[in-house]
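J.: Chains as they are written, first to last, in our numbering: chain A, 1032 to 1255; chain B, 1032 to 1255.
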Ligand SMILES: Nc1ncnc2c1ncn2[C@@H]1O[C@H](COP(=O)(O)OP(=O)(O)OP(=O)(O)O)[C@@H](O)[C@H]1O
Ligand SMILES: Nc1ncnc2c1ncn2[C@@H]1O[C@H](COP(=O)(O)OP(=O)(O)OP(=O)(O)O)[C@@H](O)[C@H]1O
Ligand SMILES: [Mg+2]
Ligand SMILES: [Mg+2]
């Protein structure tokens, strides 16, 4: 289903080489629930960006549904991202000049969903993350945790078959975090694949398998 | 030392009124170590921005060292912020087009510190947060937790008498978080005032007093 082999991502900064990912192998089956953990700077977001078809490796291969992702052009990558993948970014990446509602509608607009239907779906997605009374606020009129929840609602709005969530509860109190994890658990129960990067053990506890990164390599991969 | 009385911060969004702070009274003594907790959207960042002289209330008063902050002009506010306050923003607010080192030097540049001295101080500040090998990276060449640590180093670099840290460990693993909390504890041991917004009980445990917000009001204020 999702197969990463000997993936490397190497950056150059001045004269130095930064090995963000340094030989990663990972196989994920459809419907799995995976947590990715590791110290700050260990390569988690880099790995997530590769999985989410937002970035390409320096070397190595990534096959998704049997297709070699490195062989796809920009249009094909954009299609996969829109149809299959929901991505919650560590830094949210919301459109600053438009409302929470519009931000959540965005994947549905790309997907060609009609106006009435997409508005209804976006409203429900925002209600599920507790933001029914913040739909018309723009990102700078929202708290940090509210922006994070808009990013989560946007990732969930077209019920993706693969959810990639990069530290989705970093700005949330424990009650709100628990509500978000319930949404992720339900998505997984419905047969979808969920991959969550987290620093917190009680968030990782929702997953069925925990992969730990250190200095761009996988150092442990433990299923329940 | 720091006295907030009947502070309100009210926003208008369309026809609606949002009461971000709805009558807050708070007195903090010099050298105290305070944690501010509360649900996402309860008003914590709004309160921190007021304390940090980055924002003004809709009504109510704020006296800092006996001076009425609402009576100060922009220059005077900027002087207080630079000389007395170190602020770690929930969204980091780094300058995107310059290096980690330059970002940390910024408060020292404003403070008129000479070039050699400020470079030394900035380098040491980055070493203390574990970023000795990332000084020449720009923010988009850093992980989320590394950006957060640059923001922390910048707030600590001129040993502020008041540190205001808004969710400083949200993007950090537990080992790195513990290192950051040691820096804050040391700052407080040296007699400085530390106020940390956090969602995590084990971070709040470092403080001597915990203030909890709900819907823009203080609902509990418990010292150890
Ligand atoms: N510019 C604004 N216009 C309208 N409403 C605002 C604005 N800024 C903040 N708010 C609202 O004020 C409330 C308090 O925001 P604040 O950022 O202080 O919350 P917070 O406690 O820091 O939350 P979090 O834990 O999610 O960071 C929120 O409900 C938010 O939607
Ligand atoms: N564009 C870039 N140029 C140079 N180095 C980079 C770049 N992007 C990331 N890095 C480096 O690659 C490493 C991995 O980054 P990544 O963002 O994947 O870490 P992470 O595990 O997500 O960390 P965190 O928990 O702090 O979010 C870091 O050490 C970072 O400094
Ligand atoms: Mg990251
Ligand atoms: Mg906040």
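Built from N, CA and C at the ideal position, the CB exists for glycine as well.
Whose C-beta lies closer than 6 Å to the C-beta of residue 1077 of chain A among residues of the same chain, with five residues either side of it excluded?
T.: The residue you call residue 1077 of chain A lines up with position 46 of the first chain. Within the same chain, residue 1077 of chain A has close Cβ partners 1040, 1051, 1052.
J.: Within a Cβ cutoff of 7 Å, which residues of the same chain sit near residue 1061 of chain A, ignoring the five residues on either side of it in sequence?
T.: If you number the first chain from 1, residue 1061 of chain A lands on position 30. For residue 1061 of chain A, where only same-chain residues beyond five positions count, the Cβ hits under 7 Å are 1032, 1224.
J.: Apart from the five residues on each side of it in sequence, which residues of its chain come closer than 8 Å, Cβ to Cβ, to residue 1203 of chain A?
T.: Position 172 of the first chain, counted from the start, is the residue given in the question as residue 1203 of chain A. So the qualifying residues of the chain are 1176, 1179, 1180, 1211.
J.: For the segment 1080-1089 of chain A against the segment 1110-1117 of chain A, do three or more pairs of beta-carbon atoms, one drawn from each stretch, fall closer than 8 Å, so that the two count as touching?
T.: Touching, yes, given that three or more Cβ pairs across the two stretches are closer than 8 Å.
J.: Check whether the Cβ of residue 1181 of chain A lies closer than 8 Å to any Cβ atom in chain B.
T.: If you number the first chain from 1, residue 1181 of chain A lands on position 150. Chain B, which has no Cβ nearer than 8 Å to the Cβ of residue 1181 of chain A, makes this no.
J.: Is it the case that the Cβ atoms of residue 1196 of chain B and residue 1227 of chain B are separated by a distance below 8 Å?
T.: Looking up residue 1196 of chain B in the second chain gives position 165. Looking up residue 1227 of chain B in the second chain gives position 196. Cβ distance < 8 Å, so residue 1196 of chain B and residue 1227 of chain B count as in contact.
J.: Would you please state the rounded distance, in angstroms, between the beta carbons of residue 1127 of chain B and residue 1171 of chain B? I believe it to be under 8 Å.
T.: Position 96 of the second chain holds residue 1127 of chain B. Position 140 of the second chain holds residue 1171 of chain B. About 7 Å; that satisfies the 8 Å criterion.
J.: Residues of chain A with a CB under 7 Å from the CB of residue 1168 of chain B: which are they?
T.: What you label residue 1168 of chain B is simply residue 137 of the second chain in a count that begins at 1. Within chain A, the residues near residue 1168 of chain B are 1044.
J.: Below 7 Å on C-beta distance, what does residue 1066 of chain B contact in chain A?
T.: By one-based count along the second chain, residue 1066 of chain B stands at place 35. Result: empty, since nearest Cβ-Cβ is about 13 Å, beyond 7 Å.
J.: Under the criterion of a Cβ to heavy atom distance below 7 Å, does residue 1168 of chain A qualify as lining ligand 1?
T.: One-based indexing of the first chain puts residue 1168 of chain A at position 137. Because some heavy atom of ligand 1 lies under 7 Å away, the Cβ of residue 1168 of chain A counts as near it: yes.
J.: Using a threshold of 8 Å, state whether the C-beta atoms of residue 1073 of chain B and residue 1244 of chain B are closer than that.
T.: To locate residue 1073 of chain B, count along the second chain from 1; it is residue 42. To locate residue 1244 of chain B, count along the second chain from 1; it is residue 213. It is a contact, given that the beta carbons lie within the stated cut-off.
J.: For residue 1066 of chain B versus residue 1207 of chain B, is the C-beta spacing smaller than 8 Å?
T.: What you label residue 1066 of chain B is simply residue 35 of the second chain in a count that begins at 1. What you label residue 1207 of chain B is simply residue 176 of the second chain in a count that begins at 1. No.
J.: How is the beta strand (DSSP E) around residue 1117 of chain A delimited, first residue to last?
T.: For the purposes of this step, residue 1117 of chain A is identified with residue 86 of the first chain, where counting begins at 1. Taken as a continuous stretch (DSSP letters only), the beta strand (DSSP E) holding residue 1117 of chain A covers 1116-1119.
J.: Taking the continuous beta strand (DSSP E) assigned at residue 1224 of chain B, which residues delimit it?
T.: What you label residue 1224 of chain B is simply residue 193 of the second chain in a count that begins at 1. Here the beta strand (DSSP E) through residue 1224 of chain B covers 1224-1228.
J.: Run through DSSP, which three-state label would residue 1040 of chain B get?
T.: To locate residue 1040 of chain B, count along the second chain from 1; it is residue 9. Here residue 1040 of chain B sits in strand by DSSP.
J.: I need the straight-line Cα distance from residue 1173 of chain B to residue 1121 of chain A, nearest angstrom please.
T.: Stepping through the second chain from its first residue, residue 1173 of chain B is reached at position 142. Stepping through the first chain from its first residue, residue 1121 of chain A is reached at position 90. Approximately 12 Å, taken between the alpha carbons.
J.: Does residue 1172 of chain B have its Cβ less than 8 Å from a Cβ in chain A?
T.: For this step, residue 1172 of chain B is matched to residue 141 along the second chain. So, interface residue.
J.: Where does residue 1128 of chain B sit, in a helix, a strand or coil, going by DSSP?
T.: In the second chain, the residue the question calls residue 1128 of chain B occupies position 97. Looking at residue 1128 of chain B - three-state DSSP - the assignment turns out to be coil, as it is neither helix nor strand.
J.: Does any residue of chain B have a CB that is nearer than 8 Å to the CB of residue 1251 of chain A?
T.: What you label residue 1251 of chain A is simply residue 220 of the first chain in a count that begins at 1. It does not: the Cβ of residue 1251 of chain A has no partner Cβ on chain B nearer than 8 Å.
J.: Using 8 Å for Cβ pairs, my map puts residue 1188 of chain B next to residue 1138 of chain B. What's the rounded Cβ distance?
T.: For the purposes of this step, residue 1188 of chain B is identified with residue 157 of the second chain, where counting begins at 1. For the purposes of this step, residue 1138 of chain B is identified with residue 107 of the second chain, where counting begins at 1. Rounded, the Cβ-Cβ distance is 6 Å, consistent with contact.
J.: Any Cβ of chain A within less than 8 Å of the Cβ of residue 1034 of chain B?
T.: In the second chain, counting from the first residue as 1, residue 1034 of chain B sits at position 3. Taking Cβ atoms only, chain A never reaches closer than 8 Å to residue 1034 of chain B, which makes this a no.
J.: Measure from the C-beta of residue 1219 of chain B to each C-beta in chain A and report whether the shortest distance is under 8 Å.
T.: Your numbering for residue 1219 of chain B matches position 188 in the second chain. No - not a single Cβ of chain A is within 8 Å of the one on residue 1219 of chain B.
J.: Roughly how many angstroms separate the alpha carbons of residue 1251 of chain A and residue 1056 of chain A, rounded to a whole number?
T.: Counting from 1 along the first chain, the entry for residue 1251 of chain A is found at position 220. Counting from 1 along the first chain, the entry for residue 1056 of chain A is found at position 25. Straight-line Cα distance between these residues: approximately 11 Å.
J.: Could you check the C-alpha separation between residue 1166 of chain A and residue 1200 of chain A for me, to the nearest Å?
T.: Counting from one through the first chain, the residue named residue 1166 of chain A turns up at place 135. Counting from one through the first chain, the residue named residue 1200 of chain A turns up at place 169. Their backbone Cα atoms lie some 20 Å apart in a straight line.
J.: Candidates B/1142, B/1112, B/1164: which alpha carbon is nearest residue 1047 of chain A's?
T.: Working through the first chain from its first residue, we reach residue 1047 of chain A at position 16. Answer by Cα proximity: B/1164.
J.: Please compile the residues from chain A whose C-beta is within a distance smaller than 7 Å of the C-beta of residue 1237 of chain B.
T.: Position 206 of the second chain holds residue 1237 of chain B. Chain A residues near residue 1237 of chain B: none, gap ~17 Å exceeds 7 Å.
J.: With distances taken between CB atoms, is the gap from residue 1123 of chain B to residue 1184 of chain B smaller than 8 Å?
T.: As a working note, residue 1123 of chain B is residue 92 in the second chain. As a working note, residue 1184 of chain B is residue 153 in the second chain. No, the Cβ-Cβ distance between residue 1123 of chain B and residue 1184 of chain B is not below 8 Å.
J.: Please give me, in chain order, every unbroken run of the alpha helix (DSSP H) with length at least 4 that falls completely inside the segment 1129-1215 of chain A.
T.: Complete alpha helix (DSSP H) runs here, min 4: 1131-1141, 1146-1159, 1175-1187.
J.: Evaluate residue 1101 of chain A with the Cβ neighbour count: other Cβ atoms within 10 Å of its Cβ, from every protein chain shown; 16 or more gives buried, anything less gives exposed.
T.: As a first step, residue 1101 of chain A is located in the first chain; it is residue number 70 there, counting from the start. Classification for residue 1101 of chain A: exposed.
J.: For residue 1255 of chain A, does the count of other Cβ atoms within 10 angstroms reach 16, so buried, or fall short, so exposed?
T.: In the first chain, counting from the first residue as 1, residue 1255 of chain A sits at position 224. Exposed: under 16 other Cβ atoms inside 10 Å.
J.: Does the distance from the C-beta atom of residue 1088 of chain A to that of residue 1140 of chain A stay below 8 Å?
T.: As a position in the first chain, residue 1088 of chain A is number 57, starting the count at 1. As a position in the first chain, residue 1140 of chain A is number 109, starting the count at 1. The answer is no: Cβ separation not under 8 Å.
J.: How long is the line joining the alpha carbons of residue 1096 of chain A and residue 1034 of chain A, rounded to whole angstroms?
T.: Against the first chain, residue 1096 of chain A aligns to sequence position 65. Against the first chain, residue 1034 of chain A aligns to sequence position 3. Answer to the nearest angstrom: the Cα atoms are 9 Å apart.
J.: Below 8 Å on the Cβ atoms is my guess for residue 1155 of chain A versus residue 1129 of chain A; work out the distance and round it to an integer in Å.
T.: Numbered from its first residue, the first chain carries residue 1155 of chain A at position 124. Numbered from its first residue, the first chain carries residue 1129 of chain A at position 98. Contact doesn't hold; Cβ gap of about 19 Å is too wide.
J.: If we cut at 8 Å on Cβ distances, does residue 1048 of chain B have a partner in chain A?
T.: Stepping through the second chain from its first residue, residue 1048 of chain B is reached at position 17. Output row for residue 1048 of chain B: interface = no.
J.: At a CB distance below 9 Å, what residues from the segment 1196-1213 of chain B approach chain A? Give them in sequence order.
T.: From the segment 1196-1213 of chain B, only 1197, 1198, 1200, 1201, 1202, 1203, 1204, 1205, 1206, 1207, 1208 have a Cβ closer than 9 Å to chain A.
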